[in-house]
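S.K.:
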Amino acid sequence: MTFSRRSAFGVGTAGALALVATAVTPAAAEWKPVKPVEFVVMAGQGGGADKLARFIQSIIEKNKFADVPFIPINKGGGSGADALRYLKDNAGNDHVIMATLNSYYTTPLRNPGIGVNINEFTPIARLAEDTFVLWVNANSDIKTVEDYIKVVKEKGTGWKMGGTGTGQEDSLVTAMLEKAYGLKMTYVPFKGGGDVAVNLVGQHVDSTVNNPSEAIGFFEAGKVRPLASLTREPITELKDVPTFKSLGQDLVYRMQRSVVAPGGIKPEVADYYKSIFEKVFASTEWKDYCKKNALQCAWLSGDDLKKYFDEEEAKHAALLKEMGEIK
Amino acid sequence: MRRAELIFAALLALFSIYLMYMSQLPPLQIGWVPRKGPGSGALPFWLSLGMLICAIWIFLRGWRGVTPQGRSTEPFMDSYTVWMVAVTVSSIFMMLLATYYVGAYVAMFLFMLFYVGVFGKIPWPTTIAVSLAVPIAIFFLFESGMKILLPKGATEPLFIPLYKMFVY
Amino acid sequence: MMEIFSHLIDGFGIAFQPFNLGMMVLGCLLGLFIGAMPGLGSVNGVAILLPITFFVPPTAAIIFLAAIYYGSMYGGAISSIMLGIPGASTAVATTFDGRPMALQGKADFALVAAAVASFVGGTISIILFTLFAPPLADFALRFGPQETFALMVLAFATFVGLGGDDIPKTIFMILLGLVLSTVGLDTISGRPRLIFFDLQGFYKGISFIVLAIGIYGIGEMLWTLETSRGKVEIISHRFTWQRLKAALGEVKTAWKTMSFSSLLGYFVGVLPAAGATPAALMAYGLTKSFSDTPEKFGKGEISGVAAPEAANNAASTGSMLPMMTLGIPGSPTTAILLGGMVIWGLTPGPLLFLQQSEFVWGLTASLYAANFVTLILNLALIPLFVWVLRMPFMILAPLIFVLCFVGSYAPDTRMFDPWLVLLFGFVGYVMRKLDYPLAPLVLAIVLGPLAEDSFRQTMIADLGDWTVFFTRPLSGIIMAFAVLLFAAPLLKGVRRRKAAADKT
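Residue numbers (the numbering used here), protein chains in the order written: chain A, 658 to 984; chain B, 865 to 1032; chain C, 138 to 641.
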């Protein structure tokens, strides 16, 4: 209940502070962590989100952006339910932040039992959006989306699409594909994106919608073939791969890579973390990483980020409803 | 022992029924879902049914005295055992509970002090030395060496200078 | 072949540069301690120490982390033997005979056996790694969900004989382990299952570590306290040259077991998704099944320590192979190593061998050396470990309880797990008293999720046709083995019972 009291008191002060903050340099609102910062990861050790979080940690430590260590803590249990709950229970704790992915929206929507409302959290920054690409094995005869549609229509449920767990990103993308082209395929869920990529290379599934970062090694070795990307603009690292948009279907899906803090923290604390991630975002290491893994790196913070979260949450709610996963 | 065997088997049977009940709660399905294979409740449900059958089997064997426990007339726990288990379990319980308030380090110090000194009747100088050494060693191993932060509860402020010295 | 040798010699040149060598020794030592800590295994060790590598060149970094990985594989055996708590899931099987040996005052023998077996396992597998990397990587790719499930059936088959004599209790414990492994969010459907009393903590599921620490750490300790009335005197000998020689002599008798387990461990490790835990269990189960004296197992048989230790070290090297050649992690630990490679700016995958040959061969050579270093360190530290056992039990017991608390809290940093440990500890103690076998429970919770996921993936992919397990060539072969293994102990049991019946 401290929250409501603080917000009543805060309306005036926060407004004034915001004015000050924009007028003067950000150095005016000084807050610094006094102990190590827990950097919660919504995924288990070794997953895509974990690799990214540890990479960010390496940038922060190498360049000494912060005086204290940022310690990644994996709370991947229950598709991030554990992490979300932890963040909620740590409302007002200045030394916890969390790296998010799209289960940030889908897990609370699908599991009202965990009692998490993401609107309570404090958005810090969005560092990147990961993209999705339709892949087939390089040995297959399918060369274009057109071929793909034809073969999948023929095979029907005999066509196996591999992806991550039901209700997670890959299954949403598959549902979008099915709806757009009137397909009906069999969706085989695996534990993580890495497993999915391997099963495509081993021909245990027929196609996948992996993130480029998960499949890029196999792509460079000529083991998998991208057909089209679910992005607005073509991905520069995947030459000659069209977007679904250019093929006449408005299929766009992105995975956000953002950082949020618990609710009820002071604005200067949020500003501190924002400044740290601004530095990360501007570093050359980050730019290289984006390029190498075909991430679309676009900075977003503050109210824009909040708006973005709201939109994406609504979008995911609609998608899940269509799939019959939630009511 | 015989009574314990029978009661425990009965409890396990009840637990199995509870698990079966839990595994069929919507939206879990215990049957075959078209195009999705066995439903997400199938494995726990049918295996719990197996557990129930086994528990009944265990109960009957105990009843008929097939197992040594079913024939045994010794008490399940003698008075020393009851005392020892009660003290151990409740002192660990208190340590976990105290962690929320005074943090893991103070809690484990108090636990060691009690268990080694009072319960174990080890001479006090040794007790105090060991009780101090354990939290200190754990601090260096976990927080300083591996950067795993243990809960501190109300003792958090005391650790801030320590973090500066040892953690980073 | 010559090419491999010249590469390897270059690799040794890299591994023996003073800085790299120093990193390796440091890594082995750290790994040893992390592995010996109940609750913390190679996954935590590698993840936690990853930041140190941001500041060194990639080759030194991977050498360091691989040494930690290696060291903790050795270290897992230490807590299994000394405390009876498996340090990690890979070391569960080591407790079966390691702990009884320690209680008989042969802790040093068990430790020597574990160290030597680990060395043999590591060395055999690294030789295989050097010689046959690319073809094996292709073989690993042929493992789909069907084969993974078949492999799990095989793993279950190998420990059919592990339970007690009480058949309903053994079956009950296997089923209980499988059911407990389904707690939490289901991968396939994404639905929460068995969230007891709506407690949030169950969304994550019940981890093996929590169950094992509860049962072995608390439950077993209560049992020991009861039987000993608080006055345990574990006989332990001073570790001398004579003892070492005697121990080595005894270990030598298990050379067949060690070489067989190493090969088995390596192949299981190479497969994606399997890893060192099933490898160690299968090695133990098979060694027991094929032994002339299976009744000695579980009571302090030296082969029972050597088999799983050889297998788990071989498997951990094995799982590096798909990581390096395909960019696929064969175990959670290699998944983090992969993450590390990304941080250091390398792209793991099929091209790594061509583009980063210094890195690959430096690592390979360092694995040979790391094996040797850990063996020496282990043997050198045995007197220290044995000294721990001489502590008065009323100090050792609470120390173990504190380690159980911290060790269960550390992997996920949440208080929910220590509470569960206490609960499992108490229930495990009661079960132990009533002669419910605990090993099948622990094994089932480790293998359960893998088995369930791969079964359901197959059912989805093959539209409910369960015959694929037998008709696909690879899974068919594995299934045939599994059926044989299931049948063997049953037949043996029938024969033995008949013999017993004839006598009376």
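Glycine is no exception: its CB is placed at the ideal position from the N, C-alpha and C atoms.
Treat the numbers as computed from the prediction; the structure is a model and nothing was measured.
Report the option in C:Ser209, C:Val253 and C:Thr511 whose CA atom is closest to the CA atom of Thr394 of chain C.
M.R.: Mapped onto the third sequence, residue 394 of chain C falls at position 257. The option with the nearest alpha carbon to Thr394 of chain C is C:Val253.
S.K.: What is the DSSP secondary structure of Gly672 of chain A, reduced to helix, strand or coil?
M.R.: Here residue 672 of chain A refers to the residue found at position 15 when the first sequence is read from its first residue. Caution is warranted here: a pLDDT of 42 is assigned to Gly672 of chain A, below 50, making its placement in the model unreliable, and the coordinate value is therefore given only provisionally. It is helical.
S.K.: For chain B, is any of its Cβ atoms less than 8 angstroms away from the one on Ile873 of chain A?
M.R.: Here residue 873 of chain A corresponds to residue number 216 of the first sequence, with the count starting at 1. With 8 angstroms as the cut-off, Ile873 of chain A does not count as an interface residue toward chain B.
S.K.: Per the contact definition of three or more C-beta pairs closer than 8 angstroms, is the stretch 492–509 of chain C in contact with the stretch 145–162 of chain C?
M.R.: At 8 angstroms Cβ cutoff, the stretches touch.
S.K.: List the residues of chain C that Phe712 of chain A touches, going by C-beta distances under 9 angstroms, in chain order.
M.R.: Counting from one through the first sequence, the residue named residue 712 of chain A turns up at place 55. Within 9 angstroms Cβ-Cβ: Gly476, Val479 and Ile480.
S.K.: With DSSP collapsed to three states, give me the class of Asn731 of chain A.
M.R.: By one-based count along the first sequence, residue 731 of chain A stands at place 74. Three-state result, Asn731 of chain A: strand.
S.K.: Determine the direct distance from the alpha carbon of Glu387 of chain C to that of Asp245 of chain C, and round the result to whole angstroms.
M.R.: Locating residue 245 of chain C in the third sequence gives position 108, counting from the first residue. Locating residue 387 of chain C in the third sequence gives position 250, counting from the first residue. Roughly 12 angstroms separates the two Cα atoms.
S.K.: Within 10 angstroms of its Cβ, does Asn157 of chain C collect 16 or more other Cβ (buried), or is it exposed?
M.R.: Residue 157 of chain C sits at position 20 when you count from the first residue of the third sequence. Buried: at least 16 other Cβ atoms inside 10 Å.
S.K.: Is there contact between the stretch 957–974 of chain A and the stretch 771–780 of chain A, where contact requires at least three CB pairs shorter than 8 angstroms?
M.R.: Short answer: they touch.
S.K.: In the DSSP assignment, find the unbroken alpha helix (DSSP H) run with Asp275 of chain C in it and report its ends.
M.R.: In the third sequence, the residue the question calls residue 275 of chain C occupies position 138. Per DSSP, Asp275 of chain C belongs to the alpha helix (DSSP H) from Ala244 to Leu278.
S.K.: Quick check on DSSP: helix, strand or coil for Leu593 of chain C?
M.R.: The residue labelled residue 593 of chain C in the question sits at position 456 within the third sequence. At residue 593 of chain C the sequence reads Arg, which differs from the Leu that was named. Correct three-state label for Arg593 of chain C: helix.
S.K.: Identify the continuous beta strand (DSSP E) that holds Ile781 of chain A and give its terminal residues.
M.R.: Taking the first sequence and counting its residues from 1, one reaches residue 781 of chain A at position 124. Taken as a continuous stretch (DSSP letters only), the beta strand (DSSP E) holding Ile781 of chain A covers Thr779 to Asp787.
S.K.: Ignoring anything shorter than 3 residues, give me the beta strand (DSSP E) runs that lie fully in the stretch 797–839 of chain A, in order along the chain.
M.R.: 817–820
S.K.: Going by Cα to Cα distance, which pick from C:Ile350, C:Leu463 and C:Cys165 is closest to Val115 of chain C?
M.R.: Outside the modelled stretch of chain C, which goes from 138 to 641, sits residue 115 of chain C, for which no answer is possible.
S.K.: Please classify Met139 of chain C as buried or exposed, where buried requires at least 16 other C-beta atoms within 10 Å of its C-beta.
M.R.: In the third sequence, the residue the question calls residue 139 of chain C occupies position 2. Met139 of chain C comes out exposed.
S.K.: Considering only DSSP beta bridges, list what Met842 of chain A is partnered with.
M.R.: Position 185 of the first sequence, counting from 1, holds the residue named residue 842 of chain A. DSSP output for Met842 of chain A lists no bridge partner at all.
S.K.: Quick check on this structure: which residue in B:Gly967, B:Leu913, B:Ser1008 and B:Val980 has the alpha carbon closest to the alpha carbon of Phe1030 of chain B?
M.R.: Residue numbering aside, residue 1030 of chain B sits at position 166 when the second sequence is read from its first letter. Of B:Gly967, B:Leu913, B:Ser1008 and B:Val980, the residue nearest in Cα terms is B:Ser1008.
S.K.: Give a single yes or no on whether Ile352 of chain C has its beta carbon closer than 7 angstroms to a heavy atom of the ligand ZN.
M.R.: You won't find the ligand ZN in this model; it holds no ligand whatsoever.
S.K.: Does the Cβ of Ala1018 of chain B have 16 or more other Cβ atoms within 10 Å, making it buried, or fewer, making it exposed?
M.R.: For this step, residue 1018 of chain B is matched to residue 154 along the second sequence. With fewer than 16 Cβ atoms within 10 Å of its Cβ, Ala1018 of chain B is classed as exposed.
S.K.: Could you name the residues of chain B that Pro693 of chain A contacts, counting a contact when the two beta carbons are closer than 9 angstroms?
M.R.: Residue numbering aside, residue 693 of chain A sits at position 36 when the first sequence is read from its first letter. Going along chain B in sequence order, the residues near Pro693 of chain A (Cβ under 9 angstroms) are Glu1007, Lys1011, Leu1013, Tyr1027, Val1031 and Tyr1032.
S.K.: Look up Val697 of chain A in the DSSP assignment and give the residues it is bridged to.
M.R.: Walking along the first sequence from the start, residue 697 of chain A turns up at place 40. A:Ile730 and A:Met755.
S.K.: So with CB distances below 8 angstroms, who are the chain C contacts of Lys985 of chain A?
M.R.: Chain A is shown only over 658 to 984; residue 985 of chain A falls outside these bounds and no answer can be derived.
S.K.: Just checking: is the beta-carbon of Pro924 of chain A within a distance shorter than 8 angstroms of some beta-carbon in chain C?
M.R.: Along the first sequence, one-based indexing puts residue 924 of chain A at 267. Closer than 8 angstroms: no.
S.K.: Where Val845 of chain A and Ala294 of chain C are concerned, what is the direct C-alpha to C-alpha distance, given to the nearest angstrom?
M.R.: Translated into positions along the first sequence, residue 845 of chain A becomes position 188. Translated into positions along the third sequence, residue 294 of chain C becomes position 157. Val845 of chain A and Ala294 of chain C have their C-alpha atoms spaced approximately 27 angstroms apart.
S.K.: Spatial neighbours of Ile332 of chain C within its chain, please: C-beta separation below 7 angstroms, excluding the five flanking residues on both sides.
M.R.: Locating residue 332 of chain C in the third sequence gives position 195, where the first residue counts as 1. Correct list, in chain order: Phe339 and Tyr340.
S.K.: Assuming Met912 of chain A is part of the beta strand (DSSP E), what are its boundary residues?
M.R.: Residue mapping note: residue 912 of chain A aligns to position 255 of the first sequence, counting from 1. From DSSP, the beta strand (DSSP E) with Met912 of chain A extends over Met912 to Ala918.
S.K.: Counting along the chain, where does the beta strand (DSSP E) carrying Ala885 of chain A start and finish?
M.R.: Sequence index remark: in the first sequence, residue 885 of chain A carries index 228 (1-based). Element bounds for Ala885 of chain A: Val881 to Ser886.
S.K.: What span of residues does the alpha helix (DSSP H) with Val407 of chain C cover, start to end?
M.R.: Residue mapping note: residue 407 of chain C aligns to position 270 of the third sequence, counting from 1. Run containing Val407 of chain C: Trp392 to Val407, per the alpha helix (DSSP H) assignment.
S.K.: Could you spell out where the alpha helix (DSSP H) holding Leu878 of chain B opens and where it closes?
M.R.: As a first step, residue 878 of chain B must be located in the second sequence, where it is residue number 14. Arg866 to Ser887 is the span of the alpha helix (DSSP H), which, as asked, contains Leu878 of chain B.
S.K.: With DSSP as the reference, label Val1031 of chain B as helix, strand or coil.
M.R.: Against the second sequence, residue 1031 of chain B aligns to sequence position 167. Helix.
S.K.: First and last residue of the beta strand (DSSP E) that includes Val388 of chain C?
M.R.: Sequence index remark: in the third sequence, residue 388 of chain C carries index 251 (1-based). Run containing Val388 of chain C: none in the beta strand (DSSP E); it sits in the alpha helix (DSSP H), Trp378 to Lys389.
S.K.: Looking at the secondary structure, which residues open and close the beta strand (DSSP E) in which Val193 of chain C lies?
M.R.: Taking the third sequence and counting its residues from 1, the one referred to as residue 193 of chain C is at position 56. Per DSSP, Val193 of chain C belongs to no beta strand (DSSP E) and is neither H nor E.
S.K.: Determine the closest residue to Leu359 of chain C out of B:Val946, B:Lys1016 and B:Ile894, with distance taken between C-alpha atoms.
M.R.: The residue given as residue 359 of chain C occupies position 222 in the third sequence. Nearest of B:Val946, B:Lys1016 and B:Ile894 to Leu359 of chain C, Cα basis: B:Val946.
S.K.: Note down, in chain order, each residue of its chain lying with its Cβ closer than 7 angstroms to the Cβ of Met616 of chain C, except the 5 sequence neighbours on either side.
M.R.: Translated into the one-based positions of the third sequence, residue 616 of chain C becomes position 479. Closer than 7 angstroms at Cβ, skipping near neighbours: Ala287, Val290, Phe606 and Phe607.
S.K.: Give the residues from the stretch 754–766 of chain A that approach chain B closer than 7 angstroms (Cβ to any Cβ), ordered along the chain.
M.R.: none
S.K.: Mapping the DSSP letters down to three states, classify Trp947 of chain B as helix, strand or coil.
M.R.: The sequence position of residue 947 of chain B within the second sequence is 83, counting from 1. Helix.
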